[in-house]
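A short write-up of the structure that comes next.
In the working numbering, the protein residues as written are -12 to 554.
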């Protein structure tokens, strides 16, 4: 039974007892009122009217006697008027009493009153005889009649009236006793009903209170256990009332919370494993980057040796023309590289601007760990692009090495050194391509790991302030690089304009050296690009390592928080 039905049942019980009390009280009041009404409307008026009849008849008889004893006619006339007046009052009393007994329908009183009427009528008939004797002057006979038959009729009528008075007084006493008995009985009934009602209310209140407070106490105990981290607490509630529904909802909430904590534990375990994998991958990537840097350094050395050989050849032809061609070629390569670098930095600046906007948009929606992993994925993609560029550079370097070998073959004896250098450069280019492929495979592994980490951390929330700060720093760095490249390009443009005049004077001499110088300049530029890419990759690996460490710290904090709960 629900609490609402319990309260309604308790209220109905109380209402029933209230109705019983009211019904008993109203019935008792009605009975008492009936008796009081009987007294006020019949018995007491009957006593009063009978007393009036006795008084008026007595006054009438006194006037009658005074009439007989009057010495003169004037006095007799006076008493005749009084007798007439008293007789009228007697008739009025008779009429009032007859109306009263007819409405009351009291059989015994009707019989007694009938006897009174007979005695009174007989008395009046004798009175008429007395009056005739008095008018005839026979006062002694009239007095004898008054003392004889008239006295008997008068006493008989008074006796009937006395009997009526006694009967009415008896009825008054009976009504009083009946009213008292009704009152006492009503008190007993009311007291019994009140006692039963009080006991019923107490029992109902106790039962209702226990049925409400006991499950609430169980809920309170379970809530305290849960607040202490114990999620194993279960509520056994068999009732279907509101508290039972509340307990069921509370139990469901605890179950959902237990499932959530379990899922979070599984997620943190997955993140911990993914962090370890990412950390290992980062170490491998750093090692490969070091290898690439070493290879690039060797390429740079070889390019430097190649440049020295080119300078030697240029000195053999014309030292001045060679230097001019070297400067022209260098400026051409630097201008091209500056343009490429400017384009790359602008593209990088735009990409970082996009990343910054995206990170700002999701700053309030995702947590720091998810954002960090997204950033790792983005950097991995950039590393993949850079490795693709490295692969392309390696292929171009290989082609350039072939061109140098061809030119060296054409040069004959003087080109043997270039052939050896070109072969070494080609080998280094092939090794760079292999290293780039290994980096690509490593980046694919990192991307898969970051994808798994993103899926595992989709239920968490954090901040991206660190990522925003990093993008701001990178954005500022790219902006400074762009400014420096623009200044360098401007200066190189001025230098290139001056060299063009000198180049036109030594065009024929610089023909052969020009192609070799261009190859050397391209090799140096490619080497610089590769070095720049590897430096960028090194920075990304360091940043990835920092993010992984932050992820480990966050995972440790989350696990520490989860240990508070017992599932």
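Each residue gets a CB set at the ideal place from its N, CA and C atoms; glycine is no exception.
Source: prediction; values computed, not measured.
Nearest neighbour of residue i, chosen from the options [CA to CA]
i           : options            : result
residue 270 : 119, 200, 430      : 430
residue 420 : 466, 345, 278      : 278
residue 418 : 439, 345, 400, 384 : 384
residue 574 : 313, 107, 469      : This structure cannot speak to residue 574, because the chain is shown only from -12 to 554.
residue 473 : 257, 326, 140, 174 : 326
residue 467 : 530, 333, 389, 487 : 333
residue 428 : 374, 406, 250      : 374
residue 138 : 109, 190, 149      : 109
residue 463 : 337, 67, 441, 397  : 337
residue 35  : 80, 17, 10, 5      : 80
residue 442 : 261, 248, 230      : 261
residue 32  : 155, 246, 439, 355 : 155
residue 371 : 544, 432, 320      : 432
residue 379 : 170, 424, 366      : 424
residue 459 : 344, 246, 434      : 344
residue 264 : 438, 209, 288      : 438
residue 125 : 530, 94, 172, 57   : 57
residue 133 : 49, 195, 281, 6    : 49
residue 153 : 95, 246, 123       : 95
residue 544 : 209, 210, 256      : 256
residue 10  : 397, 174, 382      : 174
residue 347 : 197, 456, 13       : 456
Contacts around residue i, its chain only, beta-carbon distance under 8 Å, and the 5 residues preceding and following it disregarded
i           : result
residue 100 : 84, 85, 88, 147, 151
residue 8   : 177, 180, 181, 184
residue 302 : 309
residue 389 : 409, 413
DSSP-derived helix/strand/coil call for residue i
i           : result
residue 123 : coil
residue 202 : helix
residue 59  : coil
residue 603 : Outside the modelled stretch of the chain, which goes from -12 to 554, sits residue 603, for which no answer is possible.
residue 78  : helix
residue 238 : helix
residue 354 : coil
Same chain, Cβ closer than 7 Å to residue i, neighbours up to 5 away in sequence not counted
i           : result
residue 292 : 408
residue 47  : 70, 73, 74, 77
residue 143 : 106
Other residues of its chain near residue i: CB distance less than 6 Å, five sequence neighbours each side excluded
i           : result
residue 140 : 106, 109, 110, 113
residue 392 : 406, 409
residue 129 : 55, 117, 120, 121
residue 501 : 312
Point to revise | the region 29 to 40 contacting the region 56 to 65, beta-carbon criterion three pairs below 8 Å | key: no
Check your understanding: Between the region 114 to 128 and the region 155 to 163, do at least 3 Cβ pairs fall closer than 8 Å?
Key -> no
Exercise for review: Take every Cβ of the region 197 to 215, pair it with every Cβ of the region 230 to 239, and state whether three or more of those distances are shorter than 8 Å.
Suggested key: yes
Exercise for review: Check whether the region 51 to 61 touches the region 98 to 113, taking contact to mean three or more Cβ pairs, one atom from each stretch, closer than 8 Å.
Suggested key: no
Review point. Taking three-plus beta-carbon pairs below 8 Å as touching, is the region 184 to 194 in contact with the region -3 to 6?
Key: yes
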